[in-house]
Amino acid sequence: MPLVWLSSFCGLVGSVITFAFGSWVESLTLLIVAMGVDYVTGVTASIKEGRGLNSVFGSWGLARKGLTLLVILLAHRIDILLELNNVTMGAAIYFYIANELISITENYGRIGLPMPDQLRKIIEVLKEKK
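In my numbering, the protein residues as written are 1143 to 1272.
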């Protein structure tokens, strides 16, 4: 019986994700990975700077990530309404990828970690276009 509940739950989660984002695109995977890296590097930087962990800041960071995904959900629904073939969702995803990469770079600087020059240059270009 528990296997039936697990299968039903997985089916429900999959349906919600498909409704929210349509077909899964690789850029969405990159965004989610970047969100995770940004969160971890932000926590690490706070610890290194002696600020420690603050549940209010941590919760706000996770809430921001969730709100970002809601904007992408809305962009996907706009694409469906206007028959735009994921143009709006793609633009939103790339905008937020750029934001996450900039934040990761800033966190790396706070931590004192080196970053490859080529990656730093790409992120600088993204900062200028923002």
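Note that CB positions come from ideal geometry on N, CA and C, so glycine has one too.
7 angstroms CB neighbourhood of I1235 in its chain, flanking five on each side removed = If you number the sequence shown from 1, residue 1235 lands on position 93. Answer for I1235: S1169, L1170, L1173 and I1214, listed in chain order.
request  = Look at the alpha carbon of L1226 and the alpha carbon of I1220, and state the distance between them as a whole number of angstroms.
outcome  = Indexing the sequence shown from 1 puts residue 1226 at position 84. Indexing the sequence shown from 1 puts residue 1220 at position 78. Spanning the two alpha carbons is a distance of roughly 8 angstroms.
ask   = Leaving out the 5 sequence neighbours to the left and right, which residues in its chain are closer than 6 angstroms to N1228 when beta-carbon positions are compared?
value = Counting from 1 along the sequence shown, the entry for residue 1228 is found at position 86. Annotation for N1228: D1221 place their beta carbon closer than 6 angstroms to its own, counting only its chain and skipping 5 residues before and after.
query = What do you get for D1180, buried or exposed, if any count of 16 or more other CB atoms within 10 angstroms of its CB means buried?
reply = Along the sequence shown, one-based indexing puts residue 1180 at 38. Buried: at least 16 other Cβ atoms inside 10 Å.
request  = Reducing DSSP to helix, strand and coil, say where S1165 ends up.
outcome  = The residue labelled residue 1165 in the question sits at position 23 within the sequence shown. The DSSP-derived three-state label of S1165 is coil.
Separation of L1145 from F1161, as counted between CA atoms = In the sequence shown, the residue the question calls residue 1161 occupies position 19. In the sequence shown, the residue the question calls residue 1145 occupies position 3. Between F1161 and L1145, the C-alpha separation is close to 24 angstroms.
task = Between the Cα of I1244 and those of I1264, L1204 and A1205, spot the shortest distance and give me the residue it belongs to.
result = The sequence position of residue 1244 within the sequence shown is 102, counting from 1. Of the listed residues, the one whose Cα sits closest to I1244 is I1264.
message = Helix, strand or coil, according to DSSP, for L1154 in the structure here?
response = Position 12 of the sequence shown, counted from the first residue, corresponds to residue 1154. Three-state DSSP puts L1154 in a helix.
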